[in-house]
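Colleague: Protein sequence lines, in the order shown, are assigned to chains U and Z.
0 is the number of the first residue of the first sequence in numbering that gives the first Met the number 0; add one for each residue after it.
0 is the number of the first residue of the second sequence in numbering that gives the first Met the number 0; add one for each residue after it.
Ideal placement from N, C-alpha and C gives every residue a C-beta, glycine not left out.
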Amino acid sequence: MKIVGVSDVSIGFGSPQIPALMNSLTEHYGIENPVLIEPDQPERDPKHYLFPNLQIKRIPTIFHPYGEFGRVEYIVQAATEVNRVRPNLLVICGSFCLPLLFKLHFRPQCVIYYVLETASHYGPFDIEMNHQARTLMNLAIYPEEHRALTQIDTYGYEQIPNLVLYNCANPSKDGHAIPARKRNGRILYQGTIEEGRTYAEYFLNPAIGPTLVDLYGLIEGPNRKETLERFTKLVGTVRYCGYLDSPTLTQVRKEYCYSIVMWNPNKENQLYACPNKFFESIADGVPPISAPHPQMKMLIERYKCGILMDDWSFSSFRAAVRKAMKTWRTPAYAQMVENCKRATAEELNWDAQFEKVKPFLPARV
Amino acid sequence: MAKFILIDHSIEGFAGHHYEYAVHVLEAAHSAGYEEVVLGANKAFTGDHTAPWKIHPVYEYDFWGRTPCRRRRRKLWRTRVKSGPSAWFRLKCSFKFSRIGYYWSLRVWPQQVLRLHSLNPPTPAWGLIIFPLLYLRAIVRAVGLFGLLFLGPFRRLLYPSQPTGRYKHLREVLWNLGQALLYPLVVYRNHRHSLHTWITARRRSRAFARDTRRFFDSVRLEDGDIVFFPTVSELDMMGLYSYLQREPNSRKASWHLLFRRNIFPGRHTEYKLTMDDQDDLRPLRNAFQQFRRSLREHKVYFYTDTEALTAQYNRLHASEFHTLPIPINKLFRNHHRNPQPGKSLRVVFLGDARREKGYPYLPRLVQDLWEDCVQTGKLEFRLQSNFNFGTPKGEAEVILARSQLEAFPKDKVIVLREPLTTHAYRDLLLSGDISLLLYDGENYYVRSSGILVESLAAGIPVIVPAGSWMSDQFREEIYRYHSSLLGQRRMTKTILGDELKWRNSGNAKINPMRQKQLMFGSEAGRSFCWLRLPRRTSHMLVCFRIVQPQSRTYVLVHSEQINSDNQSLTKVVSIVGGAPVEATHSLIVPVAKGAKKIWLGFKNAYNDNITTVSKIEIQFLSPEGHSAAKIPLSAVGCCYSTPDEIPELLREMVDHYSHYRKTAVAFSHKFVEKHSTTRLVRILANSNEKNTATSFPAQESK
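1) Going along the chain, which residues of its own chain have a beta-carbon closer than 6 Å to the beta-carbon of lysine 661 of chain Z, five neighbours each way excluded?
2) For a cutoff of 8 Å on Cβ pairs, would you count valine 90 of chain U as touching chain Z?
3) I want to verify the contact list: residues of chain Z whose CB lies under 9 Å from the CB of leucine 148 of chain U, in sequence order.
4) Looking at C-beta atoms only, is the number of pairs between the stretch 52 to 64 of chain U and the stretch 118 to 132 of chain U that lie closer than 8 Å three or more?
5) Using the rule of at least 16 other Cβ atoms within 10 Å of the residue's Cβ for burial, across every protein chain shown, is leucine 135 of chain Z buried or exposed?
6) So that I know if they touch, is there some Cβ in chain Z lying closer than 8 Å to that of glutamate 144 of chain U?
7) Does DSSP put proline 548 of chain Z in a helix, in a strand, or in coil?
8) May I ask which residues mark the beginning and end of the alpha helix (DSSP H) holding leucine 135 of chain U?
9) Just the Cα atoms here: how many angstroms apart are histidine 625 of chain Z and leucine 484 of chain Z?
10) Mind listing which residues of the stretch 72 to 84 of chain U have their C-beta closer than 9 Å to chain Z's C-betas, in chain order?
11) Going by other Cβ atoms of all chains shown within 10 Å of its Cβ, with 16 needed for buried, is lysine 500 of chain Z buried or exposed?
12) Tell me whether the stretch 138 to 146 of chain U and the stretch 289 to 302 of chain U touch, counting them as touching only if at least three CB pairs, one residue from each stretch, are closer than 8 Å.
13) Between serine 9 of chain U and glutamine 40 of chain U, what straight-line distance do the alpha-carbon atoms span, to the nearest angstrom?
14) Would glutamate 267 of chain U and serine 119 of chain U qualify as a contact pair, given that the criterion is a beta-carbon distance under 8 Å?
15) Which residues in the same chain have their Cβ closer than 6 Å to the Cβ of proline 391 of chain Z, if we skip the five residues on either side of it in sequence?
16) By a C-beta neighbour count over all protein chains shown, 10 Å radius and 16 as the cutoff for buried, is leucine 495 of chain Z buried or exposed?
17) Applying the 10 Å Cβ sphere with the 16-neighbour rule, what's the burial state of histidine 703 of chain Z?
18) Under DSSP, the alpha helix (DSSP H) around cysteine 92 of chain Z begins and ends at which residues?
19) Please name the residue, chosen from Z:Thr45, Z:Lys614 and Z:Glu246, that lies closest to methionine 512 of chain Z on a Cα-to-Cα basis.
20) Can you find the residues in the same chain that come closer than 6 Å, C-beta to C-beta, to tyrosine 444 of chain Z, ignoring five residues on each side of it along the sequence?
21) Does the separation of the CB atoms of tyrosine 257 of chain U and proline 291 of chain U fall below 8 Å?
22) Go ahead and label serine 9 of chain Z buried or exposed: buried means 16 or more other beta carbons lie within 10 angstroms of its beta carbon, across all protein chains shown.
23) Counting only C-beta atoms, is isoleucine 382 of chain U closer than 8 Å to chain Z at any point?
24) Would you call methionine 0 of chain U buried or exposed, if buried means 16 or more other Cβ atoms sit within 10 Å of its Cβ?
25) Counting C-beta neighbours from all protein chains within 10 Å, is the total for valine 588 of chain Z 16 or more, i.e. buried, or is it exposed?
26) Does the beta-carbon distance from glutamine 334 of chain U to asparagine 166 of chain U come in below 8 Å?
27) Can the beta-carbon of leucine 162 of chain U be found closer than 8 Å to that of leucine 135 of chain U?
28) Tell me whether phenylalanine 105 of chain U is buried or exposed, calling it buried when 16 or more other Cβ atoms sit within 10 Å of its Cβ.
29) Apply the 10 Å Cβ neighbour rule to proline 362 of chain Z and answer buried if 16 or more other Cβ atoms are within range, or exposed otherwise.
30) Could you check where the alpha helix (DSSP H) with tryptophan 349 of chain U kicks off and where it finishes?
31) Give a yes or no on whether the minimum CB-CB distance between glutamine 110 of chain Z and chain U is below 8 Å.
32) Ignoring anything shorter than 4 residues, give me the alpha helix (DSSP H) runs that lie fully in the stretch 192 to 266 of chain Z, in order along the chain.
33) What do you get for leucine 176 of chain Z, buried or exposed, if any count of 16 or more other CB atoms within 10 angstroms of its CB means buried?
34) Name, please, each residue of chain Z whose Cβ falls closer than 7 Å to the Cβ of lysine 355 of chain U.
35) Along the chain, where does the alpha helix (DSSP H) that runs through serine 312 of chain U open and close?
36) At 8 Å on the CB atoms, spell out the chain U contacts of proline 84 of chain Z, in chain order.
Following this line, the structure appears as structure tokens:
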């Protein structure tokens, strides 16, 4: 009985759903040390110690794995490894790893395709490949409804089960949400910081007013240096606090009143964003302030567990932040925190999400 | 006695709504004493039966223009041929993601290969084989280009950008000749879609005529025979026209055509726009007129199955349409079953899994009710759908919803994918305690639903969209229940509409309440007022009558409850109105704990027209005794204004199930009487006995 997962990212920096799925599968089948293959992203150190239950194989490539040649290298080597192990259950993460299915010398009993990103992002070859590969898999999992609909409609995935699993985290084991009066009165931003893509410029705009915001994450984008410089020069209410690894960030997050989540909707992946930071905040009882990305809008409206921006503009952002600070320390805020707990207990936790997968797994592999 | 012939070309087997419909009508005809009862079905029809009628499977196309026989063969062929990815793609992918493919993609950067691989011991030396291959390719290409030199003058023709005087004329001649030869292809390329539609329409129409002729070759027509088509399209009608024109014997029988699809999109206020602005309906109108003019000696009658649909077709002024009752299987009548105490209430969803039928709402609905109703054993779901999973293009939401539903535990949510036999279908429907019809209200504004009819006949409470034909079926029962409450409950206060201070959101200066009549328009012309809630009020009952317009109108009543801190507690949106217009329309709003005042707004639900209502009365009901227990808000079933309300309505039904069941059972007797199959056969027979072409009296008398 063997389970192998092929990841499209070096794990431990984001995409917590990949190790979460592997761990859940391991628990479900009661096996030990499933293999997870990951690319060697030079900018990301191995974080294997965070996942003691997984046997992680990091595949080095001569070119960067996200380049055209590096991807080929990664797939070739990963396929060799998978063909050697011959797993009964294979998890393929994203279109990036999908070519591996065409290189297998055997047919695994169950293939799960975890569609973390839309194929159109990778070009015409991947579009055709996603269509052709539909008969080689047993289950497709998506993190967002609209992405699922696009995939089913465009690539003809009607004959296999298609599931939406929110990018949820399980609530941390070390306790409950901190009461409102004990929180630090600040707003948290966590994740990629980039002008344009995640609206880093909004935090640099003096019109934001006396709002206390702390930003954690890597500064990216073509103007990376300039952005970093501008952030480090900031004196006042907005602070750039650098990059924290996932466990430390979890500890820090609970102290905050709100968590901001927004992406520029100019790309399909970003419009239909489903950031794990959104779910992690809810799980920690930190109500999110979110841009109206469809999934987040739906969940906030359903559970009333956060504050929704009217649109992606700066004025909406400012209005939402002001509303948030006005609500803090009122009964309405306490209710929002309570709703976060309810949402996490009812639906927005990884265990509840994995329950959806169980009926589609073979009884024995 | 004469024969009764029912022809439905969409019947493919002993299942589905088409077959159900036919069975009920044929049974009624048999009971009415017709000595020979015959069913015409699709060619794909298979299976044995013991019913006392003959089945002739002759029709190639079904109502939707599909050919089920060919489809089955095609499907089989596809499964055989397309069992995996194409060999070509597999080869391409294997090459691209291989070591050779890797070196091939790097061929233009040999320096990169040599530089980056210099420190990489596992680099296979054979990877460098790519360079001799590239060398070989270059030589082949060079030889090929050299060969082109020998093409001489033709080479110039191949490069029209460099014409010289000598060859220019030749090129033009060849170009024109080529264009002339390829003209049909050019036309085809430019008008491919229209051509296909035209060819398909002609083919379908001719096939219907041919198959009808074939059918009546084996079933001889006699005087007084009734031929009933329960579902026909306009193309089928023209096929029938061609048959009737050529076959003199067809004058002996009477022909009854039932149309069940709407011809106008949207609601009746939009019909005029469709008539004025579009030519789409002209061919249909011409078709009906041609039918009428050319077949004066034939007895042809046109029907629809709802009054609203009849009104739509009659707007064409081409032929007169009448309304037929919707046949109800006698097995559904008087089959009232009370739920067993302590067992979960079973919610059933039956019918095609299509977007317009609300299938995509189901996963979210189950999830919303999971914690308090499903997991606690108050509710369970049985969802049966077929048909659509084989043709999923454009219905991705349905595919996704199916998987989501199948992910729920099987003891709580059962998804049945296969078509059911008549008995299995009946058993499933009758096993339900609540029937869900989450249809698109606009699409079903005039269209009927067989499942609703059966559910109501069986006394099963239903949940349906407001502002549709479905909600209109039991709207009066709801009003009757509301008025009955006035006699049963104590009222804390009654306010008449003209006692309130009304405002209009469009123009703050005008008072929309004039001469005890309230006027309002759409969103911009909403009329509203503020109400202070009396103490000890559990519910607010709002009643009014629609004065203008006299046609079917729906009013959206919006209420928002505010507490002493001016915070919004609840918002309730209800759509009331519809047929009959002269009724007193009403709705109940439960009062939230802590609410001090209510904002009450009226607007037109679906259009911008000015609507006037009168006799507005707002009654505040006090709680029953000392308890503040909620009272049922509706009767027979519940109507939702937006899909978000469905979980709350299901909770409402669970809380007051005995009330809903009781009122649904009481209503079922009346409903069954109205939609009796015997009545349908009698209507067809009576038309026949008149023995005149009564289908166009309105036009002819003029």
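Modeller: In terms of the structure at hand:
1) Taken in chain order, the list of residues that qualify is empty.
2) Among the CB atoms of chain Z, none fall inside 8 Å of the CB of valine 90 of chain U.
3) Ala395, Glu396, Ile398 and Leu399
4) no
5) exposed
6) So, interface residue.
7) coil
8) First-last for leucine 135 of chain U: undefined, no H or E at that position.
9) Note that histidine 625 of chain Z scores 49 on pLDDT, short of 50, meaning its location in the model is unreliable; the coordinates nonetheless yield the value given after this. Going by the C-alpha atoms only, they are around 18 Å apart.
10) Glu72, Ile74, Val75 and Ala78
11) It counts as exposed.
12) yes
13) 6 Å
14) yes
15) Residue placement at proline 391 of chain Z cannot be trusted, given a pLDDT of 48 that sits under 50; what the coordinates show is reported in the next sentence. The answer, listed in chain order, is Ile398.
16) exposed
17) Absent from the structure is residue 703 of chain Z, since the part of chain Z shown begins at 0 and ends at 701.
18) From DSSP, the alpha helix (DSSP H) with cysteine 92 of chain Z extends over 86 to 95.
19) Z:Lys614
20) Arg266 and Ser467
21) For tyrosine 257 of chain U and proline 291 of chain U, no; Cβs fall outside 8 Å.
22) Label assigned to serine 9 of chain Z: buried.
23) Outside the modelled stretch of chain U, which goes from 0 to 364, sits residue 382 of chain U, for which no answer is possible.
24) exposed
25) buried
26) no
27) no
28) exposed
29) buried
30) Unbroken alpha helix (DSSP H) run through tryptophan 349 of chain U: 349 to 356.
31) no
32) 233 to 245
33) exposed
34) Ala406
35) That residue, serine 312 of chain U, is in no alpha helix (DSSP H); it is neither H nor E in DSSP.
36) Phe101, Gln131, Ala132, Thr134 and Leu135
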